[in-house]
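Beneath this line is the structure, given in structure tokens, with notes to follow.
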Amino acid sequence: MRVNKELSVIVAQAIEKAQAVGALPQFALPEVAIERPRDLSHGDYASPVALRLARLARMAPMKIAEVIVAHLERPSFLADVSVAAPGFINFRLTTACLQQVVEEILTAGMDYGRIHLGDGKKAQVECVSANPTGPIHIGRTRGGVMGDTLARALRAAGYDVTLEYYYNDAGRQITLLGETTKIRYQQLCGQNVELGADHYRGQYIIDIARELYEKHGDSLLGKPVSFFADYAKDRISAMQKESLRRINIVFDVYYREQSLYESGRVWQALEELEKRGYVYRKDNAVWFRSTAFGDEKDRVLVKSTGEPTYRMPDIAYHWHKAQRGFDLVVDIFGPDHHATAPQVLMGVQALGYRTDFVRTVLHQIVTLIKDGQEVKMSTRAGTFVALDDLLDEVGADPIRYFMISRSGNSPIEFDVNLAIEQSDKNPVYYIQNAHVRCAGIFRRWAEVGKDPNADQNADLSLLTNEHELAFLRKAMELPDVIELMVTQLEPHHIAFYAYELASLFHPTYENCRVLHSEVPESLQLARLRFYRAAKMLFARVLDLMGMSAPEVM
RNA sequence: GCCCCUGUAGCUCAGAGGAUAGAGCGUCGGCCUCCGAAGCCGGAAGCCCAGGUUCGAGUCCUGGCAGGGGCACCA
1378 MRVNKELSVI VAQAIEKAQA VGALPQFALP EVAIERPRDL SHGDYASPVA LRLARLARMA
1438 PMKIAEVIVA HLERPSFLAD VSVAAPGFIN FRLTTACLQQ VVEEILTAGM DYGRIHLGDG
1498 KKAQVECVSA NPTGPIHIGR TRGGVMGDTL ARALRAAGYD VTLEYYYNDA GRQITLLGET
1558 TKIRYQQLCG QNVELGADHY RGQYIIDIAR ELYEKHGDSL LGKPVSFFAD YAKDRISAMQ
1618 KESLRRINIV FDVYYREQSL YESGRVWQAL EELEKRGYVY RKDNAVWFRS TAFGDEKDRV
1678 LVKSTGEPTY RMPDIAYHWH KAQRGFDLVV DIFGPDHHAT APQVLMGVQA LGYRTDFVRT
1738 VLHQIVTLIK DGQEVKMSTR AGTFVALDDL LDEVGADPIR YFMISRSGNS PIEFDVNLAI
1798 EQSDKNPVYY IQNAHVRCAG IFRRWAEVGK DPNADQNADL SLLTNEHELA FLRKAMELPD
1858 VIELMVTQLE PHHIAFYAYE LASLFHPTYE NCRVLHSEVP ESLQLARLRF YRAAKMLFAR
1918 VLDLMGMSAP EVM
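Numbering (my numbering), first residue to last: 1378 to 1930.
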């Protein structure tokens, strides 16, 4: 049950009722906000609606609040409704309402927190979208974790979600990749050739060339660059996929840029833009009149060499997105794409499509700190710490957590040494330990020979400890957190929620023991039920973050 | 020069226009004979500046100041 939503409706009804009998003047009803007061003495929920109505109603806020309360229906989950200066309406829940959250969690299981915002709607989340020219690095990882976490939240909100990866498998970068691979192969064959300035420096291409050399000796020397490009790009793509799988990100669709050429969409898009009068030729290049949509200058679509810029297939790709029937498209971009994202949407508008279903989520950079020094990252220079290296050293769970532990607007300094350190300072373990401690209770319960299902009909009214109730109060917030994540498209909220939940759990664990000589059996059973729900909730929250819920650590 | 992001505790960050601004790290001091101390309990310490909107501003607007990122016929 979403108490805040129900309260919002009930208060709105009370206002209308008061208006009907003349206790309040007529006015258009604004949305009735229900919030959680910081201070528990103000109740479990509060509404400032009377304060906001003061001007409309031309009455004192306190008076309005009193009128609303007088006309308010009293559902059974409310223990108390009161008015507090300067005009808040405070609601207190019954303890029974909090206690039954235990059963709500156990009934819903891994579906707990589910909301219906996106029921029947299709959403797409695009992220990472790195070219298959090198390993996934830490900046792309941030976008990937943000995107995957948002995808999980969108699913929890009822959306049918497609997680998509768009990659450039053609063009100049791929040619350079092929050339690099061929040169490395020739070097292994003993030929005296050197990399050019534009070629990729990374060790991984030497490894790929060596694979070819070991399998085929020098018999491939006559093969064209495109052969090496195809081989390298497939190998690197597979490596990227594997890295992402290791961090628990599995894409539904890998969208190849090349397919936009094969299907003709790129040139169709250009034709259509031309037909609509948004294209002109200058200096031997083809230009997009993006200034018509507020851009500061026009942009080149086709270079004087006849090659399209990256912008042209990007527009075609988003044109296709617009045609694929998504109700919501989320594009996640790193700082290097902040400026270009709007241009693509201008292109889609120029093609006659609305773009209000597309929402771009931007995030700031990740700087990697190792041994107290910043590690500069560049794929071409081959100087980076790849996601794979981090996975080996740190593991998937801490990487995932740290990547969403900050708002996307905030740059992240990822200190490798600190993340490796498995100390009590690490919030990842603090959260996971809550799940481990729950598991420990059930392990111990079985060890002393008790019935593992003895809590089936436990008397939940015995759960009256303030720690238990505070935890359940927080448990009720999960749907609100999911709603916040999908409406704001901000994945970091779940990380903070998880930490807060754990910080309410641990004192409960200390104070509300199950197996203790001084705890009567009926209370043991109620608490066992409580911890069963707590364990389920932590598993659920960790799953929303794409993290594991360990039984032991 | 233009665009974007950010200025909240010593440090790193939350804060959905509302009541006495929250965490973590660090710091100071306590707690293991019964479910994992990777834990718990307690103390000190803070909204960049100036205007404005509002009954009410850390939050919104304008202008400063400071830091980061971006401004290609690269992607």
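Note that the Cβ used here is the ideal one computed from N, Cα and C, for glycine as well.
Would you say residue i and residue j are within 8 Å of each other, going by their C-beta atoms?
i: I1582; j: A1609; result: yes
i: Y1543; j: Y1694; result: yes
i: I1789; j: M1523; result: no
i: A1534; j: G1495; result: yes
i: V1538; j: V1502; result: yes
i: D1832; j: L1905; result: yes
i: V1643; j: P1601; result: no
i: G1785; j: L1739; result: yes
i: A1872; j: S1782; result: yes
i: V1444; j: A1400; result: yes
i: A1911; j: C1815; result: yes
i: T1552; j: A1606; result: yes
i: Y1908; j: V1891; result: yes
i: A1530; j: M1862; result: yes
i: V1409; j: A1431; result: no
i: Y1590; j: L1565; result: yes
i: A1773; j: N1625; result: yes
i: Q1809; j: M1930; result: yes
i: R1469; j: D1421; result: yes
i: L1406; j: I1392; result: yes
i: F1404; j: A1427; result: no
i: R1623; j: I1585; result: no
i: E1383; j: P1452; result: yes
Could you please give me the residues that DSSP links to residue i through a beta bridge?
i: A1500; result: V1538 and L1705
i: D1457; result: R1469
i: W1933; result: Because the chain spans 1378 through 1930 in this model, residue 1933 falls outside it and cannot be assessed.
i: Y1543; result: Y1632
i: F1710; result: L1739
i: S1424; result: I1466
i: P1685; result: V1679
Given this structure, state the Cα-to-Cα distance separating residue i from residue j, to the nearest angstrom.
i: S1603; j: L1621; result: 26 Å
i: V1380; j: P1856; result: 11 Å
i: K1659; j: F1665; result: 11 Å
i: P1712; j: L1637; result: 25 Å
i: E1651; j: T1557; result: 37 Å
i: Q1865; j: N1545; result: 29 Å
i: D1672; j: N1803; result: 45 Å
i: G1594; j: I1818; result: 60 Å
i: F1848; j: P1884; result: 10 Å
i: L1839; j: L1902; result: 9 Å
i: A1811; j: Y1876; result: 10 Å
i: L1728; j: P1927; result: 50 Å
i: Y1562; j: E1798; result: 40 Å
i: L1342; j: L1768; result: Summary: the structure shown does not reach residue 1342, with the chain confined to residues 1378 through 1930, and so no result is reported for it.
i: I1692; j: P1509; result: 20 Å
i: Y1778; j: V1446; result: 43 Å
i: P1897; j: V1805; result: 34 Å
i: H1493; j: L1705; result: 15 Å
i: Y1886; j: A1462; result: 37 Å
i: V1398; j: K1440; result: 16 Å
i: L1764; j: A1615; result: 14 Å
Does at least one heavy atom of the ligand PLP sit under 7 Å from the Cβ of residue i?
i: M1439; result: Questions concerning the ligand PLP fall outside what the structure shown contains, since it holds no ligand whatsoever.
Give me the Cβ distance between residue i and residue j, rounded to the nearest whole Å; I'm assuming they're in contact under 8 Å.
i: I1515; j: L1745; result: 5 Å
i: V1478; j: A1852; result: 5 Å
i: F1454; j: A1423; result: Actually they do not touch by this definition, with Cβ atoms about 16 Å apart.
i: H1699; j: V1725; result: Inspection of the sequence shows that residue 1699 is occupied by Ala rather than by His. Their Cβ separation, rounded to whole angstroms, is 6 Å, which keeps A1699 and V1725 in contact under 8 Å.
i: W1696; j: A1646; result: 5 Å
i: T1682; j: D1675; result: Going by Cβ atoms, the distance from T1682 to D1675 rounds to 18 Å, so no, they are not a contact pair.
i: T1841; j: T1472; result: 6 Å
i: G1511; j: G1579; result: 6 Å
i: R1519; j: M1913; result: Actually they do not touch by this definition, with Cβ atoms about 29 Å apart.
(request) Would you list, in sequence order, the uninterrupted alpha helix (DSSP H) runs of no fewer than 4 residues that lie entirely inside the region 1472 to 1527? (result) Restricted to the region 1472 to 1527, the alpha helix (DSSP H) segments that are unbroken, complete and at least 4 residues in length are 1472 to 1476 and 1478 to 1485, listed in chain order.
(message) To test your reading of the DSSP string, which unbroken alpha helix (DSSP H) runs of 4 or more residues are found completely within the region 1735 to 1800?
(response) With a minimum length of 4 residues, the continuous alpha helix (DSSP H) runs that stay inside the region 1735 to 1800 are 1764 to 1770, 1773 to 1780 and 1793 to 1797.
(request) Would you mind listing the alpha helix (DSSP H) stretches within the region 1894 to 1923 that are 4+ residues and don't spill past its ends, in chain order? (result) Runs of the alpha helix (DSSP H) inside the region 1894 to 1923: 1898 to 1921.
(request) Could you tell me which uninterrupted beta strand (DSSP E) segments, each at least 3 residues in length, are contained entirely in the region 1381 to 1422, listed from first to last along the chain? (result) Qualifying beta strand (DSSP E) stretches: none in this window.
(request) Starting from the N-terminal side, write out each stretch of the alpha helix (DSSP H) that is 4 residues or longer and does not extend beyond the region 1813 to 1874. (result) Positions of the alpha helix (DSSP H) runs, each at least 4 residues long and wholly inside the region 1813 to 1874, are given as 1843 to 1852 and 1855 to 1865 in order along the chain.
(message) Threshold first: 4 residues or longer. Then list the alpha helix (DSSP H) segments lying entirely within the region 1575 to 1652, N to C.
(response) Entirely contained in the region 1575 to 1652, the alpha helix (DSSP H) runs reaching 4 residues are, in chain order, 1580 to 1593, 1602 to 1623, 1634 to 1639 and 1642 to 1652.
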